[in-house]
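Trainee:
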Amino acid sequence: MKNHQILIFIIVFLTSCTSVSKYNTQRMSCIPPEKLREDVDYAYNKLKEMHPNLYWYISEQDLKYKFDSLKNTLNTPLSPLQFYFRLQPLIASVREGHLSLKVPARRFTKKEIKALEHTKGLFSRFGYYVEGDRLFIVSNADSIQNIQPGTEILSINHVPVSDYMKKYRKLISSDGFNTTFYPYYLKDVFFNFYTAEHGFDNQAVLETVYQGQHKTYTLKRESKSESELASEKKQAKLTPEKKVHDYDAFTQSYNRSFSFLDQDSTVAYIGVKSFSENHSEQFYKDAFARIKAAGSTYLILDIRNNYGGSLYEINHLYSYLTSKPYTLIRPSMLASSKTPLKTNYFRQSSPWQYIIKGITYPVYLTTQAFSTYSRDGKIYYRMKESRQNKPQPNAFTGKIFVLINGSSFSASSILASKLKNDRRAILVGEETGGANDGTVAGFYSYQQLPNSKLSLPVGLLLVQPDITFSGTRQGVVPDVIIRKSIQEVIDQKDPEMNWVMSTIMMEKGDPVKRHAEAR
């Protein structure tokens with residue numbers, strides 16, 4: 001019987017897989033307008049069925065009008081990619097950053113992927129800055145064609161960048177009505193959208209301007225040398241230190257970092273680029289043990305450019321930041337008791353994972369069925385983070401500064417909002433991209449639109465920090481507002497950190513020093 005079940009699972013898995021070539025063919029094929037309208041209805045019905053707070057930032061009447069209006073304009077056949085650019089702006093109008101259709105990008109065979117791994121990126125080797133509808137290069141580590149930081153890209157292959165900006169801007173949203181999120185996220189995903197439209201070109205023509213001088217560059221995709229490939233392979237090997245600090249081989253940088261910023265170790269620094277949860281407990285255990293041993297009286301927590309991640313990790317981190325029992329988040333609401341069963345349990349499973357999940361599926365169903373409870377006519381999901389938690393024995397009791405900006409999103413905003421509400425930290429920087437009063441995420445149900453095959457992940461949990469809500473529908477506003485200029489980005493200056501270090505030095509009675517001098 002067991003062998004029979006395994007055989008069934010293998011057959012189901014293999015027959016459900018779509019080949020790369022078949023997917024790419026479908027991606028470019030045109031879909032009749034009546035089928036597109038069916039997909040619009042499908043998406044709207046799934047949002048109404050599973051989203052726990054759909055009308056947080058848009059009224060039911062306005063959202064229905066937008067869906068009806070889109071349907072009325074779908075009168076010609078479209079490819080899934082073309083349809084994506086029509087439907088996603090409507091999805092973005094819900095104003096929740098976690099809610100977004102997946103871009104139907106071209107898929108690659110294993111052979112093609114291997115070939116791409118041996119080449120350098122065409123656009124990814126630069127650092128970018130977005131200001132309005134303008135795109136600037138702010139770093140060029142490899143000195144490609146000696147393009148200077150501060151160079152503005154006017155067009156790509158003779159299409160104005162401003163046209164792309166206006167088009168792509170409609171595809172993304174923050175949580176609520178804050179605007180700080182867009183320039184950060186748009187610079188990070190701009191070329192994802194561009195590549196989805198144009199593919200992985202081997203060259204591109206950039207028309208630019210720098211200090212009033214116009215210049216045209218032709219970028220070409222370069223092959224990696226043998227030494228570069230060997231270096232990448234070496235860097236990819238995870239040492240114990242790399243694991244604890246969550247090393248990212250792609251960026252060749254650490255996700256978590258810890259240091260003391262002054263000679264007497266009174267100022268400790270923790271930077272977290274993403275709450276990935278990987279080996280996070282060991283990192284915080286080691287870091288706060290060192291802080292305790294050094295007798296540090298100041299802690300700077302840097303969660304700028306941190307798009308979020310694990311609630312478990314920020315809950316564990318918070319246990320080191322308070323000396324009192326605390327509750328991180330309020331009970332998380334669901335649309336219904338059935339939605340936890342719609343999380344696509346078998347999604348993206350390998351054949352062996354599919355077999356194991358198939359065997360354990362009854363346990364999963366039982367666990368999910370008992371994970372919800374009803375109170376005051378609403379359905380909630382049981383989570384450790386919504387229970388009262390105890391602080392760590394060596395929790396930090398000194399003064400905390402938290403650095404935030406527009407790309408502090410999701411779990412980063414939850415943490416910043418909680419720290420601000422509890423008056424446990426001074427927030428420095430700019431308004432976060434994630435909302436002060438929470439977000440809809442947690443875990444997802446991945447819905448596939450039946451005709452276009454577009455993927456629509458729907459967040460199932462309303463996750464809100466245990467705070468007194470602001471009701472502003474904005475991000476977390478810092479106590480001290482500082483925003484970097486493009487020139488400060490180019491010059492790698494850090495005005496937020498400099499302000500914090502200057503403040504600390506004055507409090508300590510030391511001469512005011514800039515951060516660079518303190519380090």
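Residue 320 in full-length UniProt numbering is what sits at position 320 of the sequence shown, and the numbering runs on without skipping anything. C-beta: ideal position from N, C-alpha, C; glycine also.
What are the boundary residues of the alpha helix (DSSP H) that THR73 is part of?
Mentor: Taken as a continuous stretch (DSSP letters only), the alpha helix (DSSP H) holding THR73 covers 60-73.
Trainee: Taking contact to mean at least 3 C-beta pairs separated by less than 8 Å, is the stretch 409-419 in contact with the stretch 26-41?
Mentor: Contact fails: fewer than three Cβ-Cβ distances are below 8 Å.
Trainee: Mind the definition here: the stretch 174-182 touches the stretch 81-94 only if three or more C-beta pairs lie below 8 Å; say whether that holds.
Mentor: Because the criterion of three Cβ pairs below 8 Å is not met, the stretch 174-182 and the stretch 81-94 do not touch.
Trainee: Compute the Euclidean distance between the alpha carbons of VAL103 and VAL189, then round it to the nearest angstrom.
Mentor: When rounded, the distance between both Cα atoms is 11 Å.
Trainee: Quick one: is GLN203 buried, meaning 16 or more other Cβ sit within 10 Å of its Cβ, or exposed?
Mentor: With fewer than 16 Cβ atoms within 10 Å of its Cβ, GLN203 is classed as exposed.
Trainee: The beta strand (DSSP E) that contains VAL272, what's its start and end?
Mentor: Counting along the chain, the beta strand (DSSP E) containing VAL272 begins and ends at 267-272.
Trainee: PRO171 by DSSP, collapsed to three states: which one?
Mentor: Residue 171 is actually Leu in this sequence, not Pro. Residue state, collapsed to three classes: coil.
Trainee: Closest to TYR185 by CA distance: which of ARG107, GLY127 and ASP264 is it?
Mentor: The shortest Cα separation from TYR185 among ARG107, GLY127 and ASP264 belongs to GLY127.
Trainee: Is the closest heavy atom of the ligand PLP to the C-beta of MET506 under 8 Å?
Mentor: Looking at this structure, you won't find the ligand PLP or any other ligand, since it has none at all.
Trainee: Pairing CB atoms from the stretch 398-407 with CB atoms from the stretch 292-312, are three or more of them under 8 Å?
Mentor: Touching, yes, given that three or more Cβ pairs across the two stretches are closer than 8 Å.
Trainee: DSSP puts ARG375 in a beta bridge; with which residues?
Mentor: Answer by DSSP bridge pairing, in chain order: LYS378.
Trainee: Could you tell me the boundaries of the alpha helix (DSSP H) in which MET50 lies?
Mentor: Element bounds for MET50: 33-50.
Trainee: So, using beta-carbon positions, are ASP437 and LEU328 closer together than 9 Å?
Mentor: Result no, Cβ atoms of ASP437 and LEU328 do not sit closer than 9 Å.
Trainee: Determine the extent of the alpha helix (DSSP H) in which LYS111 is found, giving its start and end residues.
Mentor: Where LYS111 is concerned, the enclosing alpha helix (DSSP H) stretches over 110-117.
Trainee: What first and last residue would you give for the alpha helix (DSSP H) that runs through PRO80?
Mentor: Taken as a continuous stretch (DSSP letters only), the alpha helix (DSSP H) holding PRO80 covers 80-92.
Trainee: Is the distance from the Cβ of TYR298 to the Cβ of PRO331 below 9 Å?
Mentor: The answer is no: Cβ separation not under 9 Å.
Trainee: Nearest CA to the CA of PHE275: which residue from ARG256, ASP264 and ASP133?
Mentor: Of the candidates ARG256, ASP264 and ASP133, the one whose C-alpha sits nearest the C-alpha of PHE275 is ARG256.
Trainee: Nearest to LEU78 by CA position, among LEU321, LYS35, LYS120 and ASN45, is which residue?
Mentor: When only C-alpha atoms are compared, the closest one is LYS35.
Trainee: Could you tell me which whole alpha helix (DSSP H) segments of length 4 or greater appear in the stretch 131-183?
Mentor: Segments of the alpha helix (DSSP H) lying fully in the stretch 131-183: 161-169.
Trainee: Would DSSP call PHE260 helix, strand or coil?
Mentor: Strand, per DSSP.
Trainee: Buried or exposed: where does LYS166 fall if 16 or more other Cβ atoms within 10 Å of its Cβ makes it buried?
Mentor: That one is exposed.
Trainee: If contacts are defined as beta-carbon pairs under 8 Å, then GLN82 and LEU101 qualify, I think. What distance do you get, rounded to the angstrom?
Mentor: Rounded, the Cβ-Cβ distance is 13 Å, inconsistent with contact.
Trainee: Count the other CB atoms, across all protein chains shown, that sit within 10 Å of the CB of ALA425; report buried if there are 16 or more and exposed otherwise.
Mentor: So ALA425 ends up on the buried side.
Trainee: If you count every other CB in all the chains shown that lies within 10 Å of the CB of TYR55, and 16 or more means buried, which is it?
Mentor: Per the 10 Å Cβ criterion, exposed.
Trainee: In three-state terms, what does DSSP make of SER19?
Mentor: Three-state result, SER19: coil.
Trainee: From GLY199 to ARG169, what does the alpha carbon distance come to, in whole angstroms?
Mentor: Cα-Cα distance, rounded: 20 Å.
Trainee: With DSSP collapsed to three states, give me the class of GLU488.
Mentor: Helix, per DSSP.
Trainee: Can you tell me the Cα-Cα spacing of SER502 and LYS508, whole angstroms?
Mentor: So the two alpha carbons sit approximately 10 Å from each other.
Trainee: Could you tell me how far apart the beta carbons of PHE136 and GLY150 are, in whole angstroms, since I believe they sit closer than 8 Å?
Mentor: Confirmed, Cβ separation roughly 7 Å.
Trainee: Considering just the uninterrupted stretch of the beta strand (DSSP E) at MET333, what are its terminal residues?
Mentor: 332-334 is the span of the beta strand (DSSP E), which, as asked, contains MET333.
Trainee: On the DSSP bridge list, what partners appear for LYS215?
Mentor: DSSP lists THR208 as partners of LYS215.
Trainee: Could you tell me if PRO52 is buried or exposed, where buried requires 16 or more neighbouring beta carbons within 10 angstroms of its beta carbon?
Mentor: By the 10 Å Cβ count, PRO52 comes out buried.
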